[in-house]
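A.B. asks:
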Amino acid sequence: MQNSPLQEIKNDLFREWQVRLLLKRDDLIHPSVSGNKWRKLKYNLQVAKAVSHKTLLTFGGAFSNHIHAVAAAGKQYGFQTIGVIRGEPKLPYNPTLAFAEAQGMQLYFISRTAYRQKDTPAFREELRTQFGNFYLLPEGGTNELAFKGCAEIVTEIVQEVSPNYIFTCCGTGGTVTGIIQGCANLPIAVRGVAALKGDFLTTTIAELLSESTAPHTKDWSIFNDYHFGGYAKFKPELIAFINQFKQQYQIALDPIYTGKLLFGIFDLVRNGYFEKGSIVVAVHTGGLQGIEGFNERYGGLLV
592 MQNSPLQEIK
602 NDLFREWQVR
612 LLLKRDDLIH
622 PSVSGNKWRK
632 LKYNLQVAKA
642 VSHKTLLTFG
652 GAFSNHIHAV
662 AAAGKQYGFQ
672 TIGVIRGEPK
682 LPYNPTLAFA
692 EAQGMQLYFI
702 SRTAYRQKDT
712 PAFREELRTQ
722 FGNFYLLPEG
732 GTNELAFKGC
742 AEIVTEIVQE
752 VSPNYIFTCC
762 GTGGTVTGII
772 QGCANLPIAV
782 RGVAALKGDF
792 LTTTIAELLS
802 ESTAPHTKDW
812 SIFNDYHFGG
822 YAKFKPELIA
832 FINQFKQQYQ
842 IALDPIYTGK
852 LLFGIFDLVR
862 NGYFEKGSIV
872 VAVHTGGLQG
882 IEGFNERYGG
892 LLV
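Those letters in the sequence shown? Residues 592 to 894, per our numbering, in order.
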C-alpha cells in the first residue's frame, strides 16, 4: 500500500498568521477500508491470518466506520465476519449496515444494556459459545497492534516534512495513542480533537500509554471544545464549515470526526494558538462512508 499524500490547505487565514496546514490524506488509502481503520486493522489482520483464524468478530453502533471497514476487509482478505451491533435492528438497514451485510458480515444485535457488558469475560464466553472460535477486534479497533499501525502515520509524514504539530480527531483514542508513540524522540507536539463530550479521553489515552511498552512523546494533549454537543451531534456552523471546505478544496469531511478536527484547527489559528512559522499536519482519518447515512437521517445537509 502506497503512502497517503500530504495536501497543503492554503487560504488568507493561514497566510495572515504565517501557519502552514497540510492534510494527511488517509481517506485515500482504500475505497472501503480508509483512514485510521486501515491503519488499525493492518497488523491485526496479519496476526489473525498467521494464527489461522477464519472469523473476525467486533463491536459497533449502527453507523460505525469500524463495522463498515471490518466487513470490507474481511471480504477482501478471506475472513468471515461477525458484527455485534448496539441496539435493536431497524429495517431497512441504514447504508452502513446494508453495506456490511452485503460484504457477508453476520449482524448480531444486542440491547444497549447488554452492550455495556461486551468487555467482560462472561460475555466474551457467551459469544464463543454461540459463534465458536474467532479473532476478537475491540470496538473501534483499538489495541496494541492498532497503535503500531497508527504510529506509521508519523513515519510517513516525516519522510516529507518536519511538522511542529500533528493533529488528529479522537473517538476511542487509539489513533492518537499510536501517533503519540510514533512521535517518541521527535520534536513534534501531538494534539487530539475529541469528537465526544467530556474530558475523559485524556485519562483514557494516558492509561493506554501506560499499559503499552512502546515509548512515546510527553508533548500531547486533547482539545475538548469542538464536540458540538457530543458524539454524532452537530450544529449549523459545523455543517456550514464542512460544506464550505468541500466547495473550496474539493475534500469531503464527515460531521462525526474530521469536520470537527478541521473546524477546531481553523479556530485555533484564528485565535493565535500557533507560533508564527508553524507547520501543522492534520490527519484525515476517513469516515466518509457515514455521510450517506447522515444525509439520509437529516435530510441531505451535506453537499
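Note that the Cβ used here is the ideal one computed from N, Cα and C, for glycine as well.
1. Once you ignore the five residues that flank C761 on each side, which residues in its own chain have a CB closer than 7 angstroms to its CB?
2. Would you mind listing the beta strand (DSSP E) stretches within the region 654-702 that are 3+ residues and don't spill past its ends, in chain order?
3. Tell me which residues share the same chain as F670 and place their Cβ nearer than 6 angstroms to its Cβ, disregarding the 5 neighbours each side in the sequence.
4. When you compare each of A775, V642, N627, K681 to V661 by their alpha carbons, which one comes out closest?
5. Would you report the Cα separation of E747 and I757, rounded to the nearest angstrom?
6. By the DSSP assignment, the beta strand (DSSP E) with K615 in it spans what residues?
7. What are the boundary residues of the alpha helix (DSSP H) that includes Q880?
8. Just the C-alpha distance for Q864 and Q598, rounded to the nearest angstrom, thanks.
9. Could you pull out every residue in the same chain whose Cβ sits closer than 7 angstroms to the Cβ of L736, ignoring the five residues on either side in sequence?
10. Can you tell which of Q667, N602, K837 has the C-alpha that lies nearest to the C-alpha of L632?
11. State whether the region 829-847 contacts the region 769-781, with contact taken as three or more CB pairs (one from each stretch) at a distance under 8 angstroms.
12. If you check the beta carbons only, do G651 and H644 fall under 7 angstroms apart?
13. If the criterion is Cβ atoms closer than 7 angstroms, does the pair D618 and H875 meet it?
14. Given a cut-off of 7 angstroms, decide if T687 and H659 are closer than it, judged by their beta-carbon atoms.
C.D. replies: Reading it off the structure:
1. Excluding residues within five positions, the ones whose Cβ falls inside 7 angstroms are V767, G783, V784, A785, A786, L792, I813.
2. Listed in chain order, they are 671-677, 697-701.
3. Answer for F670: L647, listed in chain order.
4. Minimum Cα distance to V661 is reached at N627.
5. Rounded to the nearest angstrom, the two C-alpha atoms are 12 angstroms apart.
6. First-last of the beta strand (DSSP E) with K615: 611-615.
7. Unbroken run through Q880: none, as it is neither H nor E.
8. First, the amino acid is wrong: residue 864 is Tyr here, not Gln. Their backbone Cα atoms lie some 22 angstroms apart in a straight line.
9. Here the set comprises Y634, N635, V638.
10. Out of Q667, N602, K837, Q667 has the C-alpha closest to the C-alpha of L632.
11. With a cut-off of 8 angstroms on Cβ pairs, the region 829-847 is not in contact with the region 769-781, counting fewer than three such pairs.
12. Taking 7 angstroms as the Cβ cut-off, G651 and H644 do not qualify as a contacting pair.
13. With a cutoff of 7 angstroms on beta-carbon distance, D618 and H875 are scored as near each other.
14. Yes, the pair counts as a contact, with Cβ atoms nearer than the cut-off.
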